[in-house]
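Here the structure comes first, spelled out in C-alpha cells, and everything after it is commentary.
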Amino acid sequence: MADLADRGADVPRPGRTLTVNDEPLTVTSSAGATLLEVLRGAGHTDVKEACGRGECGACTVLVGGRAVMACTQLAALVTGDVTTADGLGEAAADLREAFADYGAFQCGFCTPGQIVRAESILLEYVDISRDEVVRCMSGNICRCTGYRQIVDAVCAVASSRRNDPEGKS
Numbered sequence: 005m006a007d008l009a010d011r012g013a014d015v016p017r018p019g020r021t022l023t024v025n026d027e028p029l030t031v032t033s034s035a036g037a038t039l040l041e042v043l044r045g046a047g048h049t050d051v052k053e054a055c056g057r058g059e060c061g062a063c064t065v066l067v068g069g070r071a072v073m074a075c076t077q078l079a080a081l082v083t084g085d086v087t088t089a090d091g092l093g094e095a096a097a098d099l100r101e102a103f104a105d106y107g108a109f110q111c112g113f114c115t116p117g118q119i120v121r122a123e124s125i126l127l128e129y130v131d132i133s134r135d136e137v138v139r140c141m142s143g144n145i146c147r148c149t150g151y152r153q154i155v156d157a158v159c160a161v162a163s164s165r166r167n168d169p170e171g172k173s
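So in the numbering used here, the last spot in the sequence shown is 173, and the numbers never skip.
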C-alpha cells in the first residue's frame, strides 16, 4: 500500500503556499484547518465566518474558478487559486455597483459571499433566467433584504453583460 504522504504530495500542508488573490500565502496552520481559518488568519476579512457548517454562504470564495464555502473546505485539500471578494477587483465592479443601485444589501455581512457567488454564476451562465439566478443563489443566505433586491441586481448585470460582453457601453 502506498504511503499516504506520497499520494497527497501536491496539497497544501503547513509551510506550503496557496495563491490567494494572485498573491502567495504560506499556510502555517495545521493540516486540519479550514480554508476559512487560513484566510481569516491571513487577514482576509472579506471572507466572513457565520454558520461554520456550509449552510449560509457568507464565506464563499472561488477555488480554481469554482464557488466553494471556505468553512467546509480543508485548506490542505485546496489545489487551485483562491479568489475572495476583494480579489475579484474590477471584474465584479458592475456587480458591486448593481448591489448598491438595487439596495441588495443592508447590514452588508453577507455581501462578499453574495458577490462571489453571483460572479461565479455570471461567469458560468451567459444567458441565465431569473429562476436560474434564484436557484443558483439559494445557498447564500441574507437575513436583511428578502432576496428580491439581490436577484434583481444579479439579473441586471447578467442582462448588461449579455448585451455588452466587452463592457463598453
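By construction, the Cβ of each residue, glycine as well, lies at the ideal position given by its N, Cα and C atoms.
For residue i, the residue or residues it bridges with in DSSP
i, result
"residue 78", "38"
"residue 70", "67"
"residue 28", "23"
Three-way DSSP call (helix, strand, coil) for residue i in this model
i, result
"residue 97", "helix"
"residue 149", "coil"
"residue 115", "helix"
"residue 175", "This structure does not reach residue 175, given that the chain is present from 5 up to 173, and the question cannot be answered."
"residue 8", "Reliability of the predicted coordinates at residue 8 is poor, the pLDDT of 43 falling under 50, and no value is obtained from them."
"residue 55", "coil"
"residue 167", "helix"
"residue 155", "helix"
"residue 138", "helix"
"residue 131", "coil"
"residue 46", "coil"
"residue 103", "helix"
"residue 161", "helix"
"residue 124", "helix"
Rounded straight-line distance, which links the Cα of residue j to that of residue i
i, j, result
"residue 20", "residue 31", "5 Å"
"residue 153", "residue 107", "6 Å"
"residue 89", "residue 133", "24 Å"
"residue 105", "residue 27", "31 Å"
"residue 5", "residue 146", "Bear in mind that the predicted position of residue 5 carries a pLDDT of just 39, short of 50, making it unreliable; the figure below should be weighed with that in mind. Going by the C-alpha atoms only, they are around 47 Å apart."
"residue 70", "residue 168", "24 Å"
"residue 175", "residue 103", "The chain is shown only over 5 to 173; residue 175 falls outside these bounds and no answer can be derived."
"residue 114", "residue 59", "12 Å"
"residue 79", "residue 37", "6 Å"
"residue 137", "residue 46", "32 Å"
"residue 166", "residue 98", "13 Å"
"residue 42", "residue 150", "31 Å"
"residue 110", "residue 130", "28 Å"
"residue 73", "residue 128", "17 Å"
"residue 50", "residue 56", "15 Å"
Sequence-distant residues of its chain with Cβ nearer than 8 Å to residue i (five each side left out)
i, result
"residue 53", "40, 44, 62, 63, 75"
"residue 95", "123"
"residue 121", "61, 64, 71, 140, 141, 143, 144"
Nearest-angstrom Cβ-Cβ length linking residue i and residue j, presumed shorter than 8 Å
i, j, result
"residue 117", "residue 144", "6 Å"
"residue 141", "residue 158", "7 Å"
"residue 65", "residue 22", "So it is not a contact: roughly 11 Å between Cβ atoms."
Close-in-space but distant-in-sequence residues of the same chain around residue i (CB under 6 Å, 5 per side omitted)
i, result
"residue 84", "67, 68"
"residue 125", "140"
Same chain, Cβ closer than 7 Å to residue i, neighbours up to 5 away in sequence not counted
i, result
"residue 25", "87, 88, 90, 91"
"residue 148", "110, 111"
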